[in-house]
Amino acid sequence: MAESVATTEQSPSDPVAVGSEGDLPVVLEAAGLTKHFPVRRKGRAALTGPRRAVQAVDDVTLTLRRGRVTALVGESGSGKSTVARLLAGLYPRTAGDIRLHGETVNVKRGRAFRAYARRVQMIFQDPFASLNPVHTVRYHLTRALKIHGRAGDDLEKSLHDLLTRVQLTPAERYIDKFPHELSGGQRQRVAIARALGADPEALLADEPVSMLDVSIRLGVLNLLRDLKERLHLAILYITHDIASARYFADETMVMYAGRMVEGGDSETITQRPAHPYTRLLIESAPDPDRLAEGTASDVPAERGAGEPPSLIDPPSGCRFHPRCPVAMQRCKTELPPRFDVGDASGHWAACWLYGGAAR
Ligand SMILES: Nc1ncnc2c1ncn2[C@@H]1O[C@H](COP(=O)(O)OP(=O)(O)OP(=O)(O)O)[C@@H](O)[C@H]1O
Ligand SMILES: [Mg+2]
Numbered sequence: 001m002a003e004s005v006a007t008t009e010q011s012p013s014d015p016v017a018v019g020s021e022g023d024l025p026v027v028l029e030a031a032g033l034t035k036h037f038p039v040r041r042k043g044r045a046a047l048t049g050p051r052r053a054v055q056a057v058d059d060v061t062l063t064l065r066r067g068r069v070t071a072l073v074g075e076s077g078s079g080k081s082t083v084a085r086l087l088a089g090l091y092p093r094t095a096g097d098i099r100l101h102g103e104t105v106n107v108k109r110g111r112a113f114r115a116y117a118r119r120v121q122m123i124f125q126d127p128f129a130s131l132n133p134v135h136t137v138r139y140h141l142t143r144a145l146k147i148h149g150r151a152g153d154d155l156e157k158s159l160h161d162l163l164t165r166v167q168l169t170p171a172e173r174y175i176d177k178f179p180h181e182l183s184g185g186q187r188q189r190v191a192i193a194r195a196l197g198a199d200p201e202a203l204l205a206d207e208p209v210s211m212l213d214v215s216i217r218l219g220v221l222n223l224l225r226d227l228k229e230r231l232h233l234a235i236l237y238i239t240h241d242i243a244s245a246r247y248f249a250d251e252t253m254v255m256y257a258g259r260m261v262e263g264g265d266s267e268t269i270t271q272r273p274a275h276p277y278t279r280l281l282i283e284s285a286p287d288p289d290r291l292a293e294g295t296a297s298d299v300p301a302e303r304g305a306g307e308p309p310s311l312i313d314p315p316s317g318c319r320f321h322p323r324c325p326v327a328m329q330r331c332k333t334e335l336p337p338r339f340d341v342g343d344a345s346g347h348w349a350a351c352w353l354y355g356g357a358a359r
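The sequence shown begins at 1 in the UniProt record's numbering and counts up one residue at a time.
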């Protein structure tokens, strides 16, 4: 399976996590999502050596609901962008299922891909790279509207509405500008307006503010929140910064070395983290409230130090065990499933601390 990159189908009865917001309609969900990138082999190894793959994403299950922000948090290389790209249909998956309104998604290119992309749009980290420097705001937005068949009878009004929706007003001031004539925050707003040009139901925002000045990050996050509330978008918010997940996301999922390790509502995850890795993440990003309350976790920071593992040959059992300050014998050999943590509904951790007797 490691070498296969074929798109696979699974039965629609596979288990898919149901968050604490069980009543809100599910827009997009993934079950058992897996992506292995084959490693190119050179020379004789290409003929005789073992087939190897970067196990970038393994058995990821998540649910995006209408009008909800779900944060995906983890350190560099943990597989966050790969999850977003799989969900956007930009990579074929090695295994697992992606469902849009309950229907398995199997698009590769052409018309079916465009129809899917209209409903599931992505926003990237670097708005400068994602906008073409030789074209104006008008060009970018007009193209998005036309590709998705939404230019309508009054193109000028549609363009005006898009810019107003991302709070670039008066629209006339921005419409004929080139990307280099805008600030980073304004560029990201144009990228968001372009995504909205498709009238999507889900937005996959891959570190949308991490390249922006700290002073303007909040404005862009507040804009995304406003879109969630007014347009009822389902938003996946990818970030390194678990503190911003508490502020901005309803639900938070934590990823380590390609696997989900903890999930639940953002307040619970950030204030009462259960998985030793989540505790480590929170300790390395101090939250003023938590420090003031004196409730820092009891995991000694130096014991969780170290590097993320190789994803070509990831650790057996729990992938975090070599860095885990409280690892037990079974963590080295047995992969922990999701266990309910029990302090809040929908809070789970893939950690043997929460399941069965220690061995
Ligand atoms: N196209 C690719 N081919 C081979 N390996 C890849 C490819 N894309 C990503 N990877 C590997 O997959 C793993 C996960 O990468 P990914 O970009 O998803 O991580 P990330 O969590 O988004 O990291 P960052 O926070 O730095 O953006 C990494 O080990 C990366 O080297
Ligand atoms: Mg990334």
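Virtual Cβ for every residue (Gly too), placed ideally from N, Cα, C.
{"Asked": "For P133, count neighbouring Cβ atoms within 10 angstroms of its own Cβ and tell me buried if that reaches 16, exposed if not.", "Found": "exposed"}
{"Asked": "Considering only residues of the same chain and omitting the five flanking positions on each side of A296, which have a CB-CB separation below 6 angstroms?", "Found": "In this predicted model, A296 has a pLDDT of only 45, less than 50, meaning its place in the structure is not dependable; the value taken from the coordinates is given anyway. Once the five neighbours on either side are set aside, A296 has no close Cβ partner at all."}
{"Asked": "Output the boundary residues of the beta strand (DSSP E) element that contains T63.", "Found": "A53 to R65"}
{"Asked": "If I follow the unbroken alpha helix (DSSP H) through A144, where does it start and stop?", "Found": "V137 to I147"}
{"Asked": "Once DSSP output is grouped into helix, strand and coil, what is the label at K177?", "Found": "coil"}
{"Asked": "Could you say which of D153, D343 and Q186 lies nearest to T169 if we only look at CA atoms?", "Found": "Q186"}
{"Asked": "Which ranges would you report for the beta strand (DSSP E) in the stretch 80-133 if only whole runs of at least 3 residues count?", "Found": "95-100 and 120-123"}
{"Asked": "T239 bridges to which residues according to DSSP?", "Found": "V73"}
{"Asked": "What separation, rounded to the nearest whole angstrom, lies between the Cα atoms of residue 444 and A274?", "Found": "Here the chain comprises residues numbered 1 to 359, so residue 444 is not present and cannot be evaluated."}
{"Asked": "In whole angstroms, what separates the C-alpha of A234 from that of A193?", "Found": "16 angstroms"}
{"Asked": "Measuring CA to CA, which of S284, L236, C324 and H140 is closest to G67?", "Found": "L236"}
{"Asked": "Would you say Y116 and K35 are within 8 angstroms of each other, going by their C-beta atoms?", "Found": "no"}
{"Asked": "Can you give me the start and stop residues for the beta strand (DSSP E) that L33 sits inside?", "Found": "V26 to P38"}
{"Asked": "What's the C-alpha gap between P336 and G102?", "Found": "27 angstroms"}
{"Asked": "Applying the criterion that 16 or more other CB atoms from any shown protein chain within 10 Å of the CB defines a buried residue, is R189 buried or exposed?", "Found": "buried"}
{"Asked": "Within 7 angstroms: the Cβ of K80 and any heavy atom of ligand 2?", "Found": "yes"}
{"Asked": "Just the Cα atoms here: how many angstroms apart are D59 and I216?", "Found": "35 angstroms"}
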